[in-house]
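Number of protein chains: 2
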Amino acid sequence: MLGEINQSLGRLSRAEKQVAEWVLAHPREVAESTVAEVARAAATSEPSVIRFCRRIGLSGFRELTRRLTEALSRPDSLVHRDVGAGDSTADAVAKVLEAAIRSLVDLRGQLSKLPFDTVVRQMVHARQFVFAGLGASGHVASDASHKFFRLGTPCTALTDTPTIRQFAAIAGSGDVLFLISKNGNAAALCEAASIAGNNSAMVVAITDPNSRLAQAAAYTFACDAQEDTNIYTPRSSRLVHLTVLDALHVAAALALGDAAAENLRRCKDALAPPA
Amino acid sequence: MLGEINQSLGRLSRAEKQVAEWVLAHPREVAESTVAEVARAAATSEPSVIRFCRRIGLSGFRELTRRLTEALSRPDSLVHRDVGAGDSTADAVAKVLEAAIRSLVDLRGQLSKLPFDTVVRQMVHARQFVFAGLGASGHVASDASHKFFRLGTPCTALTDTPTIRQFAAIAGSGDVLFLISKNGNAAALCEAASIAGNNSAMVVAITDPNSRLAQAAAYTFACDAQEDTNIYTPRSSRLVHLTVLDALHVAAALALGDAAAENLRRCKDALAPPA
DNA sequence: CGTAGGGCTGAAATTTTACTACGCATTTTG
DNA sequence: CAAAATGCGTAGTAAAATTTCAGCCCTACG
């Protein structure tokens, strides 16, 4: 849809082109707007908006909005563009959200390559889970710990370098160490991975597949760290990491069976006591 | 969407139920119809159609058609089923991911209703940002604080009840208090919202729109808390909250202009020093 | 058994929105 | 340089969405 508009840009007259450009730049807003609003936004008149719709082969404005909502509700049809200094609030918000959705859709496309099965199988017998991350990934680690402890297996989150180093030194068989990092080149994490691995702990990295950390870990959940040349780009990787851990959590709960289910139920009741 | 209608069937009156049933039976037709046509097809009057739309939480008929075309053009119109004890690891992982994507897509559908513009405009002049949340939302608050401080405005995260209470007591003009909660019925947060509001701080809630907290706050980012009857369901609300805050962060950065951009750039360099 | 009240309903009025007719202006062309 | 043509926006029209309001039915209570 948006592609077709782009293609016919050459055949349009001045006012129509103004409309087309606004539609291309703000499709989601247009999908919820009225003719008058679009006309004002494109600095032209209402008839020009209608004429634009006709020119690209639609029956009228109603069909334009319908087609746009259709096109935009396919999660995979997003055209990701970076946020720039000229963007309006609505533009920026929309772009951030689309980037977030896209990163999860990308993850979905790679699911079959991720070692969920293997890792979960080993988690069932673990003595404890340890989640380690620095900076933003530290929050992800805390969140994970906060979630996994409900399964009944002991959990900790480590969010600073010295503590992670110390844990790696005392890690042992039965310990599962999750190392979370966006681009996976923090030296402390890589060293921790090797050391803990040598101590026969199970080391799982959630990071970029081409990183040093990924090499050092026994298992890796590959989450491509798209380079952020743009200062405004938020770290969508956090979302991906959180979601991977969510999935691991659910899968582990299932693998652990009734005992874990019972623990989860009790946790739920503890928050909202049943009458 | 269709599921929500089905769910609220019980709460509808006779005429509204007729409309609901017609919509459920012929969603595709409704998406392209007018109010009059639907009224006639459902053997009722136009106002009843409108009332039906309002009753299920929409702003009017236009939004009903928009939502329907969205729902119908979604490639995975497979009904999301909860994770169950019989699921394989791969099934469970796929479902978790599907739910995560869906929650963000839903958020995107509601973007225009969220007060990004208003809130950002006031954030520009803020003296400090304070993010408060309990439990899992506490991690979201920490993450937000960790992110917003890069703009140059002072930031804190409060993640326990007594601290939140104390801050509300001393909050003042120029302070922006973000209260993050999944279902928004924690008493401490609600009280903090009122108290801080009375102290002329700006109170922004990121929570369920029907909650007490949403009432108590000056501005609300409505994130529907889909009830989790299922013990395995992870809290997708975290993802939504994080993403809302990501968007706010970027929008605020743009609104703050060059000074914020410069701060962001310096932060980036601090992590990866340029040669 | 009657009546007051509340809520539901649809006819009609109102407002909003999409679309059309027409004349002016600018460009195009012989 | 004149005549034609094309495109543009003002103003109007038709249609659609939404609100208003009076009647109705059902319930509650005297």
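Chains as they are written, first to last, in this note's numbering: chain A, 1 to 275; chain B, 1 to 275.
Ideal Cβ positions, reconstructed from N, Cα and C, are used throughout, including at glycine.
Rounded to the nearest angstrom, the Cβ distance from residue 175(A) to residue 216(A) is 16 Å, too far for a contact under 8 Å.
For residue 175(A), there is no enclosing alpha helix (DSSP H); the enclosing beta strand (DSSP E) covers residues 175–180.
When DSSP reads this structure, residue 219(B) sits in a beta bridge with 204(B). For residue 213(B), not one C-beta of chain A is nearer than 7 Å to its own C-beta. In this model, residue 68(B) and residue 62(B) are separated by some 10 Å (Cα to Cα). Here residue 49(A) has 19, 35, 38, 39, 42, 61 as same chain residues with Cβ atoms under 8 Å from its own Cβ, once five neighbours each way along the sequence are excluded. Between residue 126(B) and residue 153(B), the CB-CB gap stays under 7 Å. The Cβ atoms of residue 206(B) and residue 180(B) sit closer than 7 Å to each other. With contacts defined as CB atoms closer than 7 Å, residue 190(A) and residue 212(A) qualify as a contacting pair.
Per DSSP, the beta bridge partners of residue 157(A) are 131(A).
When secondary structure is reduced to three states using DSSP, residue 40(A) falls in the helix class. Using beta-carbon distances, residue 246(A) counts as an interface residue toward chain B, with a partner under 7 Å. In this structure, the straight-line span from the alpha carbon of residue 233(B) to that of residue 256(A) is close to 16 Å. In the structure shown, residue 241(B) falls within a helical segment according to DSSP collapsed to helix, strand and coil. By the criterion of a C-beta distance shorter than 6 Å, residue 120(B) is surrounded in its chain by 251, 252, 255, once the five residues flanking it on both sides are discounted. Taking a cut-off of 8 Å for Cβ pairs, the segment 96–106 of chain B and the segment 98–110 of chain A touch, as three or more such pairs fall below it.
Boundaries cannot be given for residue 233(A), as no alpha helix (DSSP H) includes it and DSSP labels it neither H nor E. Within the same chain, Cβ atoms closer than 8 Å to the Cβ of residue 5(B) are found at 20, 23, 24, 56, the five residues on either side in sequence being excluded. Exclusion of the five residues before and after residue 46(A) leaves 35, 36, 39 as the residues of its chain whose Cβ lies within less than 7 Å of its Cβ.
Per the coordinates, the alpha-carbon of residue 44(B) lies some 6 Å from the alpha-carbon of residue 15(B). Proximity of chain B to residue 234(A) at the Cβ level (cut-off 7 Å) is accounted for by 246, 249, 250, in chain order. Secondary structure of residue 195(B) (DSSP, three-state): helix. Taken atom to atom, the span from the alpha-carbon of residue 134(A) to that of residue 122(B) is near 32 Å. Residue 73(B) sits close to residue 73(A), with the two beta carbons spaced by under 7 Å. Counting the other Cβ atoms within 10 Å of the Cβ of residue 85(B) gives fewer than 16, which makes it exposed.
Between residue 240(B) and residue 103(B) a beta carbon distance of about 5 Å is seen, short of the 8 Å cut, so the two are scored as contacting. DSSP, read as helix, strand or coil, puts residue 162(A) in helix.
Across the structure, residue 30(B) and residue 64(B) are spaced so that their CA atoms are roughly 9 Å apart. Around the C-beta of residue 90(B), fewer than 16 other C-beta atoms lie within 10 Å, and the residue is accordingly described as exposed. With distances taken between CA atoms, residue 115(B) lies nearest to 220(B) out of 136(B), 220(B), 54(B), 268(B). The CB of residue 70(B) comes closer than 7 Å to the CB of 69, 73 in chain A, given here in chain order. When only Cα atoms are considered, residue 197(A) and residue 209(A) end up about 18 Å apart. Interface with chain A (7 Å Cβ-Cβ cutoff): residue 139(B) is included. Approximately 11 Å separates the beta-carbon atoms of residue 141(B) and residue 148(B); this is outside 8 Å, ruling out the contact.
Here residue 225(A) is buried. Its C-beta has 16 or more other C-beta atoms within 10 Å.
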